[in-house]
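In the working numbering, the protein residues as written are 5 to 380.
In what follows, a single structure is set out as structure tokens and then discussed.
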Amino acid sequence: MAGVALNLTIGQNGIFSRAETAANTWRNAEQNEQLAMGEIEELMDGYLNGNSGNQGVENEDYNTATTVVDAISQNKPFEFDTTITDSCEPANSVRIPAGFKIAQESATLVENGIVIEDTDGNQFVWIPADTGDGQTVNMSNGENTKIVYERINFGKQNDIYSNYTENLSEDEKSSVEKWKGYYIGRHESGDGEAINNGEKELRTSSSPQTHKVVIQKNQVPYNWITFDNAIVRAEEMSRIQSYTATTKLASSYAWDTAIKFIQLKNSNYGTTSPEGNYTNSETFNYMDINEIEQQGPNNDIIPTGQTKAVSNIYDLGGNLWEYTSERKLNTGSPYVVRGGAYDVSYLDFPAGSRNNFNGIENETAGFRVALYCNIN
């Protein structure tokens with residue numbers, strides 16, 4: 005009896021052992037509760053400080069870089085809208101929308117074209133600019149210049165002062181003024197659903213006007229679309245892709261300022277430059293829509309991104325005329341297209357040229373998307 009009593013008291017499952025286990029369990033529970041409360045407090049602090057509860061927490065799935073070079077190396081999207089700097093001295097700033105990364109083929113200097121890419125591979129190029137006196141762009145040669153977000157008369161097939169009109173929208177203006185730049189589609193808009201029996205095919209007059217827009221290399225150019233539907237497709241892109249940024253049909257301000265930026269590297273791009281797909285372009289090799297190598301020019305539409313890029317931007321001149329939101333006054337065809345096409349000469353219709361269409365579907369007319377960062 006004495007042995008049984010002793011075992012019940014101090015044995016492995018005895019009263020003392022159970023009491024000690026219970027005490028340890030209580031202490032562990034108290035510590036866990038304190039840790040949990042600490043985590044909750046940290047999350048609340050994060051939300052109150054506007055970083056969605058991730059203050060001080062490094063998420064390995066997102067980019068943490070502060071420079072373009074490091075962002076390319078990490079090859080990850082940014083979790084939040086973020087400002088980083090290029091490799092120039094002094095450095096230029098670039099605003100990156102949440103969900104985008106710096107593309108692997110991006111330049112490291114603003115002057116050469118910083119390319120961002122979303123999770124589906126759509127690409128845009130940063131154009132430094134501001135209203136008023138403009139935005140200073142520091143160059144690798146030690147010089148600097150200012151780029152004003154403005155409409156420009158390039159002296160070819162246009163007269164913006166008497167024949168054309170456009171008012172700068174407030175949301176576009178606010179974004180440019182706050183972040184000192186904006187993005188232009190690296191490519192003409194492509195049709196992301198132009199596939200028949202598993203193969204890409206060029207659009208026709210009977211192609212749907214509701215296909216999703218893609219801004220990628222070697223895509224079917226999004227022609228045979230009305231002006232009104234071009235506006236809808238451009239604006240819905242940011243909603244479909246869940247951007248924090250806003251996409252719009254490129255305005256005359258966005259188009260002209262992009263050309264002015266390109267002219268930092270190619271001074272005649274807006275007026276007499278053969279880059280692009282024109283009837284008299286310099287000879288170039290390209291991949292057709294079936295990825296068969298061809299030689300141009302051949303007086304026909306070619307896939308996006310097949311001509312020579314200038315400042316990392318393709319086909320602002322040539323391939324397709326591109327609708328902008330500008331208008332021509334006193335005409336029955338008020339919808340303005342820019343940049344020439346595959347069936348005209350670059351000497352007559354270079355990247356800076358304006359023309360006017362009636363806004364209905366046309367084989368030679370497509371459009372380009374501009375992207376503006378969130379101002380909140």
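Where is the CB? At the ideal position from N, CA and C, for every residue including glycine.
As the structure is a computational prediction, the values presented were derived from the model and not from experiment.
Use the C-beta contact count for residue i: other C-beta atoms within 10 angstroms, 16 or more gives buried, fewer gives exposed.
i	result
Y226	buried
S246	exposed
T368	buried
N36	With a pLDDT of 48 at N36, under the threshold of 50, the predicted position of this residue should be treated as unreliable, and no value is reported.
T123	exposed
L320	buried
N366	buried
Y186	buried
I364	exposed
S210	exposed
G196	buried
P212	exposed
Q299	exposed
Q108	exposed
S255	buried
G202	exposed
D65	exposed
Y165	exposed
Y150	Reading the sequence as shown, one finds Lys at residue 150 and not Tyr. By the 10 Å Cβ count, K150 comes out exposed.
I120	buried
Considering just the uninterrupted stretch of the alpha helix (DSSP H) at residue i, what are its terminal residues?
i	result
S349	Taken as a continuous stretch (DSSP letters only), S349 belongs to no alpha helix (DSSP H), as it is neither H nor E.
Y66	Note, Y66: premise wrong, no alpha helix (DSSP H); not H, not E.
I263	256-266
F231	231-244
Sort the options by Cα distance to residue i and report the nearest one.
i	options	result
T248	G103, E64, V72	G103
P94	P81, I106, E297, T71	T71
N126	S91, S242, I76, Q78	S242
L351	G185, I156, S277, R331	S277
T89	N67, V114, E109	V114
E174	Q267, T208, K252	K252
T311	E326, S285, Y339	S285
T169	K332, V98, N380	K332
W228	S144, T208, E121	T208
S179	I199, D163, Y153	Y153
Identify every residue that forms a DSSP beta bridge with residue i.
i	result
D186	The question names Asp, but residue 186 in the sequence shown is Tyr. Partner(s): I131.
G194	V218, P225
Q299	N289
I151	Q139
R331	T169, Y339
F361	Y339
What are the boundary residues of the beta strand (DSSP E) that residue i is part of?
i	result
F371	369-371
F158	Looking at the DSSP string, F158 is not in any beta strand (DSSP E), and its letter there is neither H nor E.
T276	Element bounds for T276: n/a, residue is neither H nor E.
T250	250-253
Starting from the N-terminal side, write out each stretch of the beta strand (DSSP E) that is 3 residues or longer and does not extend beyond the segment 83-141. DSSP assignment within the segment 83-141 yields the following whole beta strand (DSSP E) runs of 3 residues or more, N-terminal first: 86-89, 97-100, 119-121, 127-132.
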